[in-house]
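The next block holds one structure in the form of structure tokens; read it before the comments.
Protein chains: 2
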Amino acid sequence: MKTSEWLRAGGKKFKLADVPTSGSLDIKGKKISREEAEAITAENIEKLQELQFLMYAEHKQKLLVVLQAMDTGGKDGAIRKVFGALNPQGVRIHSFKRPTPTELAHDFLWRAHQHTPPSGHIQIFNRSHYEDVLVVRVHDIVPKSKWKARYDHIRNFEKLLTDEGTTILKFMLHISKDEQKERLQARLDDKTRLWKFEKGDLVERRYWDDYQSAYEDAIRETSTENAPWYVIPSDRKWYRNYAMSTLIRHTLENLNMQFPPPEDGLEGIVVE
Amino acid sequence: MKTSEWLRAGGKKFKLADVPTSGSLDIKGKKISREEAEAITAENIEKLQELQFLMYAEHKQKLLVVLQAMDTGGKDGAIRKVFGALNPQGVRIHSFKRPTPTELAHDFLWRAHQHTPPSGHIQIFNRSHYEDVLVVRVHDIVPKSKWKARYDHIRNFEKLLTDEGTTILKFMLHISKDEQKERLQARLDDKTRLWKFEKGDLVERRYWDDYQSAYEDAIRETSTENAPWYVIPSDRKWYRNYAMSTLIRHTLENLNMQFPPPEDGLEGIVVE
Chain A
329 MKTSEWLRAG GKKFKLADVP TSGSLDIKGK KISREEAEAI TAENIEKLQE
379 LQFLMYAEHK QKLLVVLQAM DTGGKDGAIR KVFGALNPQG VRIHSFKRPT
429 PTELAHDFLW RAHQHTPPSG HIQIFNRSHY EDVLVVRVHD IVPKSKWKAR
479 YDHIRNFEKL LTDEGTTILK FMLHISKDEQ KERLQARLDD KTRLWKFEKG
529 DLVERRYWDD YQSAYEDAIR ETSTENAPWY VIPSDRKWYR NYAMSTLIRH
579 TLENLNMQFP PPEDGLEGIV VE
Chain X
329 MKTSEWLRAG GKKFKLADVP TSGSLDIKGK KISREEAEAI TAENIEKLQE
379 LQFLMYAEHK QKLLVVLQAM DTGGKDGAIR KVFGALNPQG VRIHSFKRPT
429 PTELAHDFLW RAHQHTPPSG HIQIFNRSHY EDVLVVRVHD IVPKSKWKAR
479 YDHIRNFEKL LTDEGTTILK FMLHISKDEQ KERLQARLDD KTRLWKFEKG
529 DLVERRYWDD YQSAYEDAIR ETSTENAPWY VIPSDRKWYR NYAMSTLIRH
579 TLENLNMQFP PPEDGLEGIV VE
């Protein structure tokens, strides 16, 4: 199974617009139905629970999952659906908000580095250090020379992490502009979700094309062998969950983790 | 004044053994007496107080001072003498001890990154991330392939810091093996300092040559334009203090810091 290529993005010629926002193909390139995908997702999640327990027990591997998306792209939903069933003791989620004054007084990777996973853990970045080449670029928050230099810093940072034992998966949840419109409208029309609505989201929507370009460049520049980007067609949530859970499962399976050997002398002991 | 070259170390041909451990020359290459040096040190420290206040007020620049030395090399004394008079609100010192289990569960730069200075501050590393290519190498704590890769990670990390606004000075306090012998003996003979003595220091002394090689390589590999190493002849403490305070003073002066402009409309106000 070529998990290594499925939904993988990057390279100089990569175009975000070439990736469909509505997914329909499985890992072998065959059409997959919603029912089939949901069945596999359920299986994946069960397997992920085992793998995460093994990871925690072995205390060697660590997994960093970077989640990026346009507003309403489904980051929160993906976290709930794919990681919600895992033991929270081994899974940490960090949401990157607008930087605090203390964070701004340091280099842009300072806050990201603090939340990288320790051995035995899965760390999810809900947004990430990539905001510093996305929103920061779209709104000219730092000069071009500075955000351009950051691609290199990001590659180096992620190389450091992987060289020292972290596995990195980066997901961009890819939705269409129409899908965003519907989701924003749904939030406006639903009193139980209206609290989640920020007027700023409507302003950001006007920068759609700028964001798409910024994503495209970020993925081109930073999708590496050790820290690949996957663009996940996310207009349909069942497909998104299927794709993400499949990729994470296969990545963890490929780590060949083992339970640590028991202490000597435990064999044959009968507790009295 | 060529501060840029004085005591500067690095380059492929750099040999630590070529640097004297007993200093006698000033920044212009002229012989300097103890009295002259002490007078200049006092002046430097007064000037450093002003510069540090200016740095704090401007809130743009940040200075990272890395201090490395063989045991008894004088790191604690240097911190007391050179930085002791500065306002502690703008100066932070972090001592790198044996890594905790939490620190070991992350990449080797994780703990260093957390303690990098925010804008307006001077941060001193008493030992540093360089221990991961020094003690770790001498005692084979990680395989050679791993510590060799760390030179690159250190260069990248320090480039990130300087690109994003940190000034870095790295000092190796250079003493002779004989001087170490005397200092260790003095600790053993002085009841008020015996508490500071660790038997491990005598064990480490047996690895003197290995440590010198490890320092030599670290300095060769990581002395860059943006993050230079200075090897400070430190057998004589007055010379060490003179050299360090001179280098820090001139580095800060070259930053051309300015007090921020006052709020509009404050001119001519008379408080009644």
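Protein chains in written order, with this note's numbering: chain A, 329 to 600; chain X, 329 to 600. All C-beta atoms in this analysis are idealised placements derived from N, C-alpha and C, irrespective of residue type, glycine included.
*Within 8 Å, strictly: CB atoms of H481 of chain A and L488 of chain X*: The residue given as residue 481 of chain A occupies position 153 in the first sequence. The residue given as residue 488 of chain X occupies position 160 in the second sequence. Cβ atoms of H481 of chain A and L488 of chain X: closer than 8 Å.
*Listing by chain order, which chain A residues have their CB less than 7 Å from the CB of T520 of chain X?*
Position 192 of the second sequence, counted from the first residue, corresponds to residue 520 of chain X. The premise fails here: T520 of chain X is roughly 40 Å from chain A at the closest Cβ pair, so nothing lies under 7 Å.
*Check the Cβ-Cβ distances between H434 of chain A and every residue of chain X, and say whether any is below 8 Å.*
Here residue 434 of chain A is taken as the residue at index 106 of the first sequence, counted from 1. Yes, H434 of chain A lies at the interface with chain X (some Cβ there is under 8 Å from its Cβ).
*What first and last residue would you give for the alpha helix (DSSP H) that runs through R515 of chain A?*
In the first sequence, residue 515 of chain A corresponds to position 187, counting from 1. Going by DSSP, R515 of chain A is part of the alpha helix (DSSP H) stretching over K505 to D517.
*Run down chain A in chain order and give the residues with a C-beta less than 8 Å from the C-beta of L488 of chain X.*
Locating residue 488 of chain X in the second sequence gives position 160, counting from the first residue. Correct list: D435, L437, H481, N484 and F485.
*Close beta carbons around L583 of chain A, own chain, < 6 Å, minus the five adjacent residues each side*: Looking up residue 583 of chain A in the first sequence gives position 255. The answer, listed in chain order, is Q389.
*Taking all protein chains shown into account, decide if A367 of chain X is buried (16 or more other Cβ within 10 angstroms of its Cβ) or exposed.*
By 1-based counting over the second sequence, the position of residue 367 of chain X is 39. Under this definition A367 of chain X is an exposed residue.
*asked:* Between A477 of chain A and chain X, is any beta-carbon pair separated by less than 8 Å?
replied: Taking the first residue of the first sequence as 1, we reach residue 477 of chain A at position 149. With 8 Å as the cut-off, A477 of chain A counts as an interface residue toward chain X.
*A542 of chain A and L594 of chain A look like a contact to me (Cβ under 8 Å); what is the Cβ gap, rounded to whole Å?*
The residue labelled residue 542 of chain A in the question sits at position 214 within the first sequence. The residue labelled residue 594 of chain A in the question sits at position 266 within the first sequence. The pair is not a contact, with the Cβ atoms about 55 Å apart (cut-off 8 Å).
*Min CB distance H441 of chain A to chain X below 8 Å*: Counted from its first residue, the first sequence places residue 441 of chain A at position 113. Chain X, which has a Cβ nearer than 8 Å to the Cβ of H441 of chain A, makes this yes.
*Quick one: is T430 of chain X near chain A, going by C-beta distance under 8 Å?*
Indexing the second sequence from 1 puts residue 430 of chain X at position 102. Cβ-Cβ to chain A under 8 Å: yes for T430 of chain X.
*On the premise that S352 of chain A lies in contact with I563 of chain A, defined as a C-beta separation below 8 Å, what is that separation, rounded to the nearest angstrom?*
Counted from its first residue, the first sequence places residue 563 of chain A at position 235. Counted from its first residue, the first sequence places residue 352 of chain A at position 24. Note on identity: in this sequence residue 563 of chain A is Asp, with Ile being the wrong assignment. Contact flag wrong, Cβ pair sits at about 11 Å.
*asked:* Let me see if you follow: with CB-CB separation under 8 Å, is T444 of chain X close to chain A or not?
replied: Position 116 of the second sequence, counted from the first residue, corresponds to residue 444 of chain X. Interface annotation, T444 of chain X: in contact with chain A, CB-CB separation under 8 Å.
*Answer with buried or exposed for H502 of chain X, where buried requires no fewer than 16 other C-beta atoms within 10 angstroms of its C-beta.*
For the purposes of this step, residue 502 of chain X is taken as the residue at position 174 of the second sequence. It is buried - the Cβ of H502 of chain X has at least 16 other Cβ atoms within 10 Å.
*Assigned exposure category for L522 of chain A - 16 Cβ within 10 Å defines buried*: Taking the first residue of the first sequence as position 1, residue 522 of chain A is located at position 194. L522 of chain A is exposed by the Cβ-count criterion.
_Whole-Å CB distance - D460 of chain A paired with F436 of chain A, under 8 Å assumed_ = Sequence index remark: in the first sequence, residue 460 of chain A carries index 132 (1-based). Sequence index remark: in the first sequence, residue 436 of chain A carries index 108 (1-based). Here D460 of chain A really is in contact with F436 of chain A; their C-beta atoms are around 4 Å apart, less than 8 Å.
*Can L583 of chain X be considered in contact with the ligand GTP, in the sense that its beta carbon sits closer than 7 Å to one or more heavy atoms?*
Because no ligand of any kind appears in the structure shown, any question about the ligand GTP cannot be addressed here.
*What does a CB cutoff of less than 7 Å around Y539 of chain A pick up in its chain, not counting 5 residues either side in sequence?*
The residue given as residue 539 of chain A occupies position 211 in the first sequence. So the list reads M398, L462 and V466, once near-sequence residues are dropped.
*asked:* Assuming the contact rule is C-beta atoms closer than 8 Å, V394 of chain X and V559 of chain X should be a hit. Round their C-beta distance to whole Å, please.
replied: As a first step, residue 394 of chain X is located in the second sequence; it is residue number 66 there, counting from the start. As a first step, residue 559 of chain X is located in the second sequence; it is residue number 231 there, counting from the start. Between the beta-carbon of V394 of chain X and that of V559 of chain X there is about 13 Å, and that puts the pair past the 8 Å contact cut.
_Backbone secondary structure at F499 of chain X - three-state DSSP_ = Walking along the second sequence from the start, residue 499 of chain X turns up at place 171. Note: F499 of chain X maps to strand in three-state DSSP.
_Does the contact criterion of 3 or more C-beta pairs under 8 Å hold for the stretch 376–390 of chain X versus the stretch 546–554 of chain X?_
Between the stretch 376–390 of chain X and the stretch 546–554 of chain X, the count of Cβ pairs shorter than 8 Å is below three; the stretches do not touch.
*asked:* When you compare the CB of L491 of chain A with every CB in chain X, is at least one pair closer than 8 Å?
replied: Here the question's residue 491 of chain A lines up with position 163 in the first sequence. According to the sequence shown, residue 491 of chain A is Asp rather than Leu. D491 of chain A counts as touching chain X.
*Under 8 Å between the Cβ atoms of N569 of chain A and A406 of chain A?*
Residue numbering aside, residue 569 of chain A sits at position 241 when the first sequence is read from its first letter. Residue numbering aside, residue 406 of chain A sits at position 78 when the first sequence is read from its first letter. Result yes, Cβ atoms of N569 of chain A and A406 of chain A sit closer than 8 Å.
_Assuming I450 of chain X is part of the beta strand (DSSP E), what are its boundary residues?_
Taking the first residue of the second sequence as 1, we reach residue 450 of chain X at position 122. Start and end: I450 to N454.
*Cβ pair count under 8 Å reaching 3, the stretch 416–426 of chain X against the stretch 444–451 of chain X*: Segments in contact, yes.
*For S447 of chain X, which residues in chain A fall below 7 Å Cβ to Cβ?*
Mapped onto the second sequence, residue 447 of chain X falls at position 119. Ordered by position in chain A, the residues that pass the 7 Å Cβ test against S447 of chain X are A433.
*Q396 of chain X and S456 of chain X: beta carbons closer than 8 Å?*
Locating residue 396 of chain X in the second sequence gives position 68, where the first residue counts as 1. Locating residue 456 of chain X in the second sequence gives position 128, where the first residue counts as 1. Yes, the Cβ-Cβ distance between Q396 of chain X and S456 of chain X is below 8 Å.
_Those residues which DSSP pairs with Q396 of chain X across a bridge_ = Position 68 of the second sequence, counted from the first residue, corresponds to residue 396 of chain X. Residue pairing by DSSP places Q396 of chain X opposite X:M500 in a beta bridge.
*Look at I497 of chain A and L379 of chain A and say whether their C-beta atoms are less than 8 Å apart.*
Your numbering for residue 497 of chain A matches position 169 in the first sequence. Your numbering for residue 379 of chain A matches position 51 in the first sequence. The sequence shown places Leu at residue 497 of chain A, rather than the Ile named in the question. Not in contact: L497 of chain A and L379 of chain A (Cβ atoms no closer than 8 Å).
*Mind checking who P416 of chain X pairs with in its DSSP beta bridge?*
The count along the second sequence starts at 1 and reaches residue 416 of chain X at position 88. Looking at the DSSP assignment, P416 of chain X forms no beta bridge with any residue, so it has no partner.
*DSSP bridge partner residues for V559 of chain X (one or two, in chain order)*: Taking the second sequence and counting its residues from 1, the one referred to as residue 559 of chain X is at position 231. According to DSSP, which records beta bridges pairwise, V559 of chain X is partnered with X:M500.
*Can you give the beta carbon distance from A337 of chain X to W557 of chain X, rounded, assuming they're within the 8 Å contact cut?*
Here residue 337 of chain X refers to the residue found at position 9 of the second sequence. Here residue 557 of chain X refers to the residue found at position 229 of the second sequence. So it is a contact: roughly 5 Å between Cβ atoms.
_Here's the rule I'm using: 16 or more other beta-carbon atoms within 10 Å means buried, otherwise exposed. How should A440 of chain A be labelled?_
Taking the first sequence and counting its residues from 1, the one referred to as residue 440 of chain A is at position 112. The residue in question, A440 of chain A, is buried, as its Cβ has 16 or more Cβ neighbours within 10 Å.
*DSSP three-state call for L382 of chain X: helix, strand or coil?*
Taking the second sequence and counting its residues from 1, the one referred to as residue 382 of chain X is at position 54. Of the three classes helix, strand and coil, the one that applies to L382 of chain X here is helix, per DSSP.
*Rounded to whole angstroms, what's the CA-CA distance from M329 of chain X to I355 of chain X? Just pull it up for me.*
Residue mapping note: residue 329 of chain X aligns to position 1 of the second sequence, counting from 1. Residue mapping note: residue 355 of chain X aligns to position 27 of the second sequence, counting from 1. Because the pLDDT of M329 of chain X is 43, which lies under 50, any placement of that residue in the model is unreliable, and the number read from its coordinates should be weighed accordingly. Here the alpha carbons of I355 of chain X and M329 of chain X stand approximately 7 Å from one another.
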